[in-house]
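Report on the structure given below.
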Amino acid sequence: MLTVFTPFVQSELFDDKGMLMAVITVSGIVIVFAILVLLIFIFYAYGAIFRIFTQGSEPKKAEAPKQSVPVQAPVAATPQPLSDGEIPGEIIAVIAAAIASLDDGKTYRVKKVSRARTPVAGRTAWAASGLFENTRPF
Amino acid sequence: MEILSSIWASILSILNESGLLFLFEGEGWKNAIMIAVACFLLYLAIGKQFEPLLLLPIAFGMLLVNLPLSGVMDVPLTELKLAAPVSGSDLAVASATELAKYGQIVMPDGNTYVEVAHSGGLLYYLYLGVKLGIYPPLIFLGIGAMSDFGPLLANPKSFILGAAAQIGIFATFCGAILLGFPAKVAGAIAIIGGADGPTAIYVTSKLAAEYLGPIAVAAYSYMALVPIIQPPIMRALTTKKERAVVMTQLRKVSKTEKIMFPIIVTIVVALLLPSAAPLVGMLMLGNLMRESGVVKRISDAAQNELMNIVTIFLGVTVGATARAEVFLKTETLMIVGLGLAAFCLGTAFGVIFGKLMYLFTGGKVNPLIGSAGVSAVPMAARVSQKVGQETDPNNYLLMHALGPNVAGVIGSAVAAGVLLAVLK
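As structure tokens, then:
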């Protein structure tokens, strides 16, 4: 069997408290850090290699549907936009219905829809709400 | 009248053979104290819900073993009896049933003897799973099947925090040596700082099995007290500005990466530190079963049925090692104190390394996630989240803290491997 390191002469080591503490503490910390730092490098390298391969294959996937779907189909399905040219009527109707459903079906009229930026850690209101729901038990 | 005296005699006979009488004889008071300690731990488990899944069976095991004459942890024995009465011998004579059941041996003294076997207590046999180091790796299998290493893969730097929190283990080792504990016992005490119950039990069963009771109780008590012990240390070592750091969202980790993770970790750790292979190997096997998605049934079994069954056996038998004569010593108080020191130091070193990462990354890392480097999954990560939200209620550190948290599990298993390799 190949012996790289000289094994500890434990009885001698254990007799000297100072030596014992120094050996265990230094070797322990060094080995724990060495192994975990090695894992950091391995997983950084692995993650980088994996992303290169993934990025290389992504455009091919994106091209495939273009060939099979007729160009005119999405145009026909697009709803008519409002006069301001931003939000389709169907979306406004869904928003109005969602609000009405919270209040026993009272009739509401949507006068204005504007985008509210919520500076909640860079998340939208929906993302922040979802995160809050999922982490509330903790 | 004769009937009454017979009844009274039989009642006295039952009382004389009961454990109740033992409590008031000799050192029976020690058992009474241990019964009170067990009841207190049961209260903490049920009333306060401190780690009830383990504290409840541990406390009940402690209760059972300290009830006098219960015999639940009795070691199997072989008693030598005489096959026939011999004048001048103190040995008992085997009964007819024993003569029929066991073989007879003729000894050089010319007498015939019978070896009568007495079986051990129930918990003695269940305890073999601890003694032989079977239960802790099985618990790790379940933990692996329940763990998502995605946050760690998304941010591999978290491994550093998992390593930093293990410094407390080695610092406490020095403390235990200075207090006069032998090297192996010091190693077993120090591993409490890993905040990982199965690892603590595994290391103690290998290095200092006689201290299993106090060390296991201390380890699980501190794990239950993570939300109380850690926050003051975290607040003391960080500024408000540091605690308010909002970390960027973690990248999405692919399924292939998650599948490769347990395989790579097992190969690297087991090659470099073979003594850590049982714990890390089982942890990673459980995780591979989860992430591969092809063995959902056994992954579910590892997470639920196996984990629950082993938890019962582990808890109740570890509790049963806390016999009065072992537990009621000044050493136990020292173990409890050193365990607390190990835990606090682990938390502190995790936060300090978190601060270093904060500095080196230009303020992108919240140092609070460092405290999650002590294992205690997922409680330590929850504490990071909670303390972070004290400063900014919209700061969600949970996923970021889970990285160091699971890295801490690997780190404490590696630290355990180091202690076993050097001290065993």
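Protein chains in written order, with our numbering: chain A, 1 to 138; chain B, 1001 to 1424.
Where a beta carbon is used, it is the ideal one built from N, C-alpha and C, also for glycine.
Every value quoted in this text rests on a predicted model; they were computed, and no experiment measured them.
| Asked | Found |
| --- | --- |
| Cβ pair B/GLN1166, B/GLY1194 closer than 9 Å | yes |
| Residue(s) in a DSSP beta bridge with B/ILE1105 | B/TYR1113 |
| CB contact below 9 Å: B/LYS1157 versus chain A | yes |
| Positions along the region 1260 to 1272 of chain B whose CB lies within less than 8 Å of some CB in chain A | MET1260, PHE1261, ILE1264, VAL1265, VAL1268, VAL1269, LEU1272 |
| Start-to-end residues for the beta strand (DSSP E) that takes in B/LYS1081 | 1077 to 1082 |
| Range covered by the alpha helix (DSSP H) that runs through B/ILE1228 | 1226 to 1237 |
| B/ALA1009 to B/MET1001 span [Cα, whole Å] | 12 Å |
| Backbone CA spacing between B/MET1034 and B/GLY1120 [nearest angstrom] | 22 Å |
| DSSP three-state assignment for B/VAL1093, whether helix, strand or coil | strand |
| Three-way DSSP call (helix, strand, coil) for B/PRO1085 in this model | coil |
| Extent of the continuous alpha helix (DSSP H) to which B/PHE1170 belongs | 1167 to 1178 |
| Short CB-CB distance (under 9 Å) between B/CYS1174 and chain A | yes |
| The region 1211 to 1224 of chain B in contact with the region 1328 to 1347 of chain B per 3-pair CB rule at 8 Å | yes |
| Short CB-CB distance (under 9 Å) between B/LEU1419 and chain A | yes |
| Where B/LEU1153 meets chain A, residues with beta-carbon distance less than 8 Å | PHE43, GLY47 |
| CA-to-CA distance, A/ASP15 to B/SER1147, given in whole angstroms | 42 Å |
| Sequence-distant residues of its chain with Cβ nearer than 6 Å to B/PRO1262 (five each side left out) | MET1284, ASN1287, LEU1288 |
| Pairwise C-alpha distance: B/ILE1335 and A/GLY18 | 21 Å |
| Chain B contact for A/ILE52 (CB, 9 Å cutoff) | no |
| Among B/LYS1355, B/PHE1360, B/GLY1373, nearest to B/PRO1367 - alpha-carbon criterion | B/LYS1355 |
| Identity of the residue in B/VAL1114, B/MET1107, B/MET1062 nearest B/THR1078 by Cα | B/VAL1114 |
| Proximal residues to B/ALA1276 (C-beta, below 6 Å), its chain only, five neighbours per side dropped | VAL1269, ALA1413, VAL1414, GLY1417 |
| Beta-carbon proximity check, B/VAL1409 vs B/SER1371, cutoff 9 Å | no |
| Cβ neighbours of B/GLY1019 in the same chain (closer than 6 Å, five flanking residues each side left out) | LEU1067, PRO1068, LEU1069 |
| Those runs of the alpha helix (DSSP H) which lie wholly inside the region 1001 to 1064 of chain B and span at least 4 residues | 1002 to 1017, 1019 to 1023, 1028 to 1046 |
| Which listed residue (A/MET21, A/ALA22, A/GLY28, A/LEU20) has its alpha carbon closest to that of B/LEU1419 | A/GLY28 |
| Cross-chain neighbours of A/LYS112 in chain B, by beta carbon under 9 Å | Near A/LYS112 there are no residues of chain B at all, since even the closest Cβ is about 27 Å away, more than 9 Å. |
| Option nearest B/ILE1134 by Cα separation, candidates B/THR1317, B/ALA1176, B/TYR1358, B/GLN1104 | B/THR1317 |
| Residue range of the unbroken alpha helix (DSSP H) whose run includes B/GLN1385 | 1379 to 1391 |
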